[in-house]
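The structure appears right after this line, and notes come after that.
Number of protein chains: 2
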Amino acid sequence: MANQMSRRDMLKMGMVGAGALALSSVNASASALNEKDVKFDEEWDVIIIGSGFAGLAAGLTAAKKGNKVLILEKMGRIGGNSVINGGGMSVPMNPVQAKTGIKDSKELFMADCLKAGLGINHPELLETLADRGMDAFNFLVENGVQFKMDHCAHFGGHTVARSMLTTNDSGSGYIQPMLERFEKADGCKLARRTKFDDFVLDDKGRVVGVVVREEYKFDDKLYSDDLENTSGTKKTLKAKKGVVLAAGGFCRDKIYRKLQDPRIPDSVDSTNHAGATAGALLKAFELGAYPVQVDWIQFGPWASPDEKGFGTAPILTQQGTFKYGIAVDVRTGKRFMNELADRKTRADAEFKILREKPDAFPITFADDKCFRDLSPEVVQKGMASGKLVGVCKSIDEIASKYGVPADALKESVKKYNEGVKAKKDEFGKQESALFEINEAGPFYVIRLSPKPHHTMGGLKINTKAQVLSSKTNKPIDGLYAAGEITGGTHGASRLGTVAITDCIVFGMIAGENI
Amino acid sequence: MANQMSRRDMLKMGMVGAGALALSSVNASASALNEKDVKFDEEWDVIIIGSGFAGLAAGLTAAKKGNKVLILEKMGRIGGNSVINGGGMSVPMNPVQAKTGIKDSKELFMADCLKAGLGINHPELLETLADRGMDAFNFLVENGVQFKMDHCAHFGGHTVARSMLTTNDSGSGYIQPMLERFEKADGCKLARRTKFDDFVLDDKGRVVGVVVREEYKFDDKLYSDDLENTSGTKKTLKAKKGVVLAAGGFCRDKIYRKLQDPRIPDSVDSTNHAGATAGALLKAFELGAYPVQVDWIQFGPWASPDEKGFGTAPILTQQGTFKYGIAVDVRTGKRFMNELADRKTRADAEFKILREKPDAFPITFADDKCFRDLSPEVVQKGMASGKLVGVCKSIDEIASKYGVPADALKESVKKYNEGVKAKKDEFGKQESALFEINEAGPFYVIRLSPKPHHTMGGLKINTKAQVLSSKTNKPIDGLYAAGEITGGTHGASRLGTVAITDCIVFGMIAGENI
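Respectively, the protein sequence lines represent chains G and H. The opening residue of the first sequence carries number 1 in the numbering used here; numbering runs sequentially from there. The opening residue of the second sequence carries number 1001 in the numbering used here; numbering runs sequentially from there.
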């Protein structure tokens, strides 16, 4: 078994050498090094692990205060999951809501999050998102992020439309401008292919540096890159003011995700980039950081089996077919969920079908007005493969192409349209998202399959983004965290577009406080 | 705030002295000591943390192989939660089932556990319980535990009756005989008031000892005994063959249980003994043990607000009023759950009522045959306070005493009895537990309130009871665990009476392998 690779197996595969020996000393020894036992190769004010939304927000904020900041990214490309994100950001009480007459409040935002999170969200963290959401939005605008200023998007589980969108409908709309500014900041650097391996502490337990490997080559083919990859050259870096963990979640960690949910087979696809593993999180647990709600793994109910990874389906469905159309069970031709319910509710509804019949992927479709809110580039990208989006002239064509009973399918569309007219949907879809489907077509059709998307649990932070220690129930000196590596904010299930809010708000706060 | 006690606060309270300084060095420094830096005061083969079911099973098994075993118990009394447990133990395919014609199987047992556990149970651990359940039963009989051999009990969520009961209907029926034998074993000792503080490792990361405090005085009045209690005298003990963690769960840890479920107020009662805190678990995380499914906290749906702690209600309801009677919502007089559903289903049903009206505790009642399966001592104990069990001559008396609409209540009993006759219960109560209620009375009535009862998550162990390390995905040399401190076996919700099976099977396995 690859996950129990012996030294002999490693020898067979030619993996043992100086690198392997260095690795084993990093991984198997007592946790964390003492600064007295190391020689620092470089000295920085602030070191940040991860170059996504949270890492860049922390980096820019810390840099603005005059700090010499180093951001470490283990992959060859920057931005982790952030850069492949759909780009929606929940900002309660934002100016576009004001302009378009949408009433929102801190209480409404928190109630929506708590409902999806099954009530186990940490309230003080949610409150911070509401209180600092507009600060985060302004911070992004100052740093060159371009938002659509004509409307907010209404994502599943939110009572009102409150999600700001970038003009390019992508997380890259945040990462690119933030990265450009960060790399221009005085004395700051973003180091690619540089892997965090361990912490360096002083005698009082304060985090004062990190051990890393430069020229790291992440290897997607290994069962566990964190445990098996021996590439790179070791360096020890001093972080005078502290370290920020912004390393993201673990949806691609075959070992740790299966420990939390043994139903996830190793073969299952994920919306996440290949580097989304638990390594940094687990190292922080060794320091005494509290593990919080680590077993809640969110599946994206808007993903498609007809493309790899995150893909384009999430945006084409969320802002397209789910809003302007319906989803049906191909076995019956009937609807089976509120297409805009929270993620857990929808993923559970899809899983129910797929557990009964593993290849009966539900379909979602709408008529040709469905992509009108999206930028043409995104729609083009979605259509390009010819495999993701099916174009059908009629309901009969959908029925024959996807193996759905035609009469039942027609009846479902008719019934939905009646609900739209009566302003009362049988599955409780929000009135603001009820649009008649033109029964004459043409139609755009996408198959659905839930994919592991977000790991809700992680490190416990306080409202200053400080990581709390189980040894004292107080902050670990010199250690901050933000984004998906933290736990508690989202409870059992994160609402769509709250991730960016979480990452930017707490990234910014980490940068302010460090 | 008590949970953020400063040094100044401690000074005010007269808590700072030599003890406090020793504590701060134990808690705030880097984790685990190296054997080169310590001097061992005593030397043992095996050291076990915790004196409940798992600890004693491990201790007896290790002792039988000729080991010099020390069991550490931080409290003044032994047995932790085990000794206040109701004493039921799931043993699939046991001889009493055979004698009474109950068909059971490994598959059925696993399916029941997986259903309650929402499918996230670790299958290899469940499988071990089924495979070794009878070994554990035989081990207990050999060690003097006396079981009722005329019938098995049918607990909520189990498809069939498979729970063996001790003749005294209490966990003490296991603890007392096991303790007696253990204390007679050559070279073995059980040390009360001895608190585990930290691990001692060798250069390769093997666990070779522990740091403890003798003459420890657990203090229930502290917000966190683990973090604030400075009592005791430090000793360092060598464990030549290893350490077994059998320290139980954390239902009484106000800090850690609230991090996992922020809805649990500090004031809430629990079925657990006061010492059920997370200290040992968190220390193991610092060694690199994987945290698994730590946020699933089970509430006992059979607890009563009319007594403290675990009390007698669990047994009086489980084997009494729930089996021979019904539970109703006092506001409506109607039933609201299958009285023998799994714990999560029932606790959620009760919480739904209590969230709508916090003082509307549901009631359960049955006629006077309801306690016939119980020993007279237990019934007497339950009746003793005069507060827990209400005796009512008629349905009208129940209605007036508990504020229930009388007509609706009569109708509920009538409807239930019709279901019994038709062998079809409206809430799906098992046919084998359908008994007509004598409408003439008299009745025994108990009010219900869910209490935190079991923490499902914890350390990841393999089927040899070895604790796995996140640094290697292999066992931590010299470290074993069993019982509630481990995670994964029960998934999201443990079925009643599987705890003892879990503790004895894995305690025994730890003892066999160490």
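We treat Cβ as the ideally placed atom computed from N, Cα and C, and that holds for glycine.
- Membership of residue 478/G in the beta strand (DSSP E) is indicated by the continuous run 475 to 481.
- Between residue 79/G and residue 71/G, the C-beta spacing is not below 7 Å.
- Here residue 267/G is exposed. Its C-beta has fewer than 16 other C-beta atoms within 10 Å.
- For secondary structure counted as the alpha helix (DSSP H) over 4 or more consecutive residues, the region 88 to 135 of chain G holds these complete runs in sequence order: 95 to 99 and 106 to 116.
- Residue 447/G is bridged by DSSP to 363/G.
- Per the coordinates, the alpha-carbon of residue 215/G lies some 25 Å from the alpha-carbon of residue 241/G.
- In the three-state DSSP reduction, residue 204/G falls in the coil class, being neither helix nor strand.
- Per the DSSP secondary-structure output, residue 1303/H pairs with nothing in a beta bridge.
- Contacts with chain G (Cβ-Cβ distance below 9 Å) from the region 1458 to 1478 of chain H involve 1460, 1468, 1469, 1470, 1471, 1472, 1473 and 1474, listed in chain order.
- For residue 34/G, the three-state secondary structure derived from DSSP is strand.
- Under the three-state reduction of DSSP, residue 1293/H is assigned to coil, being neither helix nor strand.
- The criterion of a C-beta distance shorter than 7 Å is not satisfied by residue 1509/H and residue 1062/H.
- Listed along the chain, the chain H residues whose CB falls inside 7 Å of the CB of residue 122/G are 1262.
- Within 9 Å of the CB of residue 286/G, the CB atoms of chain H belong to 1031, 1285, 1286, 1287, 1288, 1470 and 1471, in sequence order along the chain.
- 7 Å or more divides the Cβ of residue 1413/H from the Cβ of residue 1436/H.
- Residue 1164/H has its alpha-carbon roughly 9 Å from the corresponding atom of residue 1154/H.
- Note: residue 469/G is bridge-paired with 289/G in the DSSP secondary-structure output.
- Beta-bridge partners assigned by DSSP to residue 1147/H: 1166/H.
- By the C-beta criterion, the region 479 to 496 of chain G is judged not to be in contact with the region 322 to 330 of chain G, since fewer than 3 inter-stretch pairs fall below 8 Å.
- Residue 1493/H is a Cβ neighbour of residue 1298/H, given a cutoff of 7 Å.
- Put simply, the backbone Cα of residue 1461/H is about 10 Å away from that of residue 1489/H.
- From the listed residues 1444/H, 1221/H and 1113/H, the smallest Cα separation to residue 1129/H is found for 1113/H.
- According to DSSP, residue pairing for residue 326/G in a beta bridge involves 365/G.
- Interface residue (Cβ-Cβ distance to chain H less than 7 Å): residue 293/G is classified as such.
- The residues 166, 167 and 173, in chain order, have a CB closer than 7 Å to that of residue 146/G in the same chain once the five nearest residues on each side in sequence are set aside.
- A direct Cα-to-Cα measurement between residue 1119/H and residue 67/G gives close to 48 Å.
- Per DSSP, reduced to three states, the secondary structure at residue 503/G is helical.
- Nearest C-alpha to residue 143/G among 407/G, 77/G and 176/G: 176/G.
- Counted as a single uninterrupted DSSP element, the alpha helix (DSSP H) harbouring residue 1382/H occupies residues 1376 to 1384.
- Interface annotation for the region 212 to 239 of chain G against chain H: 224 and 227, criterion Cβ-Cβ distance under 8 Å.
- Boundaries of the alpha helix (DSSP H) harbouring residue 1173/H: 1172 to 1184, taken from the DSSP string.
- Ranked by Cα distance from residue 343/G, the first of 491/G, 302/G and 434/G is 302/G.
- DSSP, reduced to helix, strand and coil, places residue 213/G within a strand of the structure shown.
- Counting every other CB atom within 10 Å of its CB across the protein chains shown gives residue 252/G a total of 16 or more, marking it as buried.
- Considered as a whole, the region 1209 to 1281 of chain H harbours 1225 to 1228 and 1254 to 1260 as its complete alpha helix (DSSP H) runs of no fewer than 4 residues, in chain order.
- Below 8 Å, too few C-beta pairs join the region 200 to 215 of chain G and the region 79 to 95 of chain G to call them touching: fewer than three.
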